[in-house]
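Colleague:
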Amino acid sequence: MKKIQKPKICVVLGTRPEIIKLSPIFSELKRKKIRYNLIHTGQHYSLKMDKIFFADLRIPEPHYLLGIGPGTHGRQTGTILMRIEKIFLKDKPDIVLVEGDTNSVFATALAASKLKIKVGHIEAGLRSFDREMPEEVNRILTDHVSDFLFAPTEISKKNLITEGIDKRKIFVTGNTIVDATIENIKIAEKKSKILTDLLISNKTYFLVTLHRVENVDNKNRLKEIISAIRELCRTHLVIFPIHPRTTKRIKEFNLSKPIKRIKNLKIIEPLGYLDFLKLERNARLVLTDSGGIQEETCILNIPCVTIRENTERPETVSVKSNIIVGWKSVDIINGVYKMLKKKRTWKQPFGNGKAAKKIVDIISKVALSLTLPLP
Ligand code: UD1
Ligand code: UDP
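Position one of the sequence shown corresponds to residue 2 (the working numbering), numbered consecutively onward.
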């Protein structure tokens, strides 16, 4: 009998959240003994934004490094397109897997689809309905050139159907962040010494993260958000692992001195995944503009205050683990006190922690029949 050929899979990532959310996919591919090529675009490249996650999440070294680094949207997208096309032409993968909404994701999906390589988009169908966000543009464009759309929830599936995407391409799988959180929280609780290192104890502090362009590239907004943090620091300890974009803007806007003067505020470097999960799990409340952290707090049962005007994760608001407060100081503070009073009785809506298994099952069965002639 002729052996059925397995599809040639290529996985592409470029930034911190992609490494984290793809980690369960790598574990599943390994468990099933499915070979793949891994390409890293190098959009994130610092030790604390990149390599630390490969170590924490036990991910093998990439086969290819594109080394694109920082730059404008055009430069990042264009450089990835040119460099990844060469690899695709040489390796001829049957399916390329991407996760999320970054420039790395869209550029990869575009390059693959032009070469008629199937694209599998993990975390398809998220919509903030705000085209001012670069990520919203990346999401929409990626979904429309994808062949397999792995939607985390029924809401994301509905968004795709509303945009006219063929139902047969959409698979509701849950979000791989649940798989990653469940798998790593136990390891983090055991291994991470972050609470001791920072001399803090369980449930005594708020955790803050901030990196969204619309917040940190706008001096007025950034000042308002800092003013809210200053106010919260009157009564609470605030831990702020700071994203490199935010560090850069704080310097550019001459805000370093006023921030340093805030008592009870601990600004630290970005953390590895295990340290961050431990800090998140033990926080009294989290303030953030991150996408992934809105999901993780919901999973970890920690109240979340989102410093944005909208969200592509409305499920977290519906289950009441999250509140969207905008960027004005007074609204942020009111949001914090509102969330502190709430009972933590929600049920997380992002699946049962088996998203990676579902996705790998689909690409190894359905993709095969679509991309390769059967014997
Ligand atoms: C990118 C994604 C965003 C995602 C975020 C995750 C796009 C358009 N944006 O935003 O959707 O939420 O990643 O964190 O794709 N920098 C470093 N070291 C690094 C990485 C970045 O110093 O390892 C600095 C550079 O100065 C760079 C800036 O941070 O210019 C911004 O990096 P970039 O990847 O362009 O965008 P992010 O804000 O990280
Ligand atoms: N994260 C981390 N260390 C940090 C801050 C965040 O490991 O110092 C993790 C966090 O657990 C989450 C992910 O990074 O899984 C979110 O990434 P980010 O906020 O950069 O991007 P987004 O999700 O907004 O695209």
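Don't be surprised by glycine CBs; every beta carbon is placed ideally from N, CA and C.
Here the structure is a predicted model, which is why all the values come from computation and not from measurement.
Would you be able to state if there are at least three C-beta pairs under 8 Å between the region 6–24 and the region 103–113?
Modeller: Result yes; three or more Cβ-Cβ pairs closer than 8 Å.
Colleague: Given a threshold of 16 other Cβ atoms within 10 Å of its Cβ, counted over all protein chains shown, does F130 qualify as buried or as exposed?
Modeller: exposed
Colleague: Cα separation between P376 and E164?
Modeller: Residue confidence for P376 is low, a pLDDT of 36 falling below 50, so the modelled location carries little weight and cannot support an answer.
Colleague: What residues does the ligand UDP have around it, judged by CB closer than 5 Å to any heavy atom, in chain order?
Modeller: R17, P18, I21, P242, P271, L272, Y274, F277, S291, G292 and G293
Colleague: Any idea what DSSP makes of A357, helix, strand or coil?
Modeller: helix
Colleague: Assuming the contact rule is C-beta atoms closer than 8 Å, V99 and H64 should be a hit. Round their C-beta distance to whole Å, please.
Modeller: Not quite, the Cβ-Cβ distance comes to about 16 Å (not below 8 Å), so this is no contact.
Colleague: As a quick exercise: from W347, I230 and D362, pick the residue whose alpha carbon is nearest that of S319.
Modeller: Of the listed residues, the one whose Cα sits closest to S319 is W347.
Colleague: Quick one: using the 10 Å Cβ neighbour count with 16 as the cut-off for buried, is V179 buried or exposed?
Modeller: Its Cβ being crowded by 16 or more others within 10 Å, V179 is buried.
Colleague: Taking C-alpha atoms, which residue in K170, H237 and I156 lies nearest to H145?
Modeller: For the residues K170, H237 and I156, the minimum Cα distance to H145 belongs to K170.
Colleague: First and last residue of the beta strand (DSSP E) that includes E100?
Modeller: I96 to E100
Colleague: Give me whichever residues DSSP pairs with K267 in a beta bridge.
Modeller: The partner list for K267 (beta bridge, DSSP) reads I240.
Colleague: Specify the secondary structure class of T289 as computed by DSSP and reduced to three states.
Modeller: The answer is strand: DSSP assigns T289 an E or B state.
Colleague: Where does the unbroken beta strand (DSSP E) through V173 begin, and where does it stop?
Modeller: I171 to V173
Colleague: Tell me the DSSP secondary structure of P376 in three-state form.
Modeller: Summary for P376: the model assigns pLDDT 36, below 50, so the residue's position carries little reliability, and this model does not support an answer.
Colleague: Check whether the region 212–227 touches the region 323–333, counting contact only when three or more Cβ pairs, one atom from each stretch, lie closer than 8 Å.
Modeller: Enough Cβ pairs lie closer than 8 Å, so yes.
Colleague: May I ask whether a heavy atom of the ligand UD1 can be found less than 6 Å away from the beta carbon of Q349?
Modeller: no
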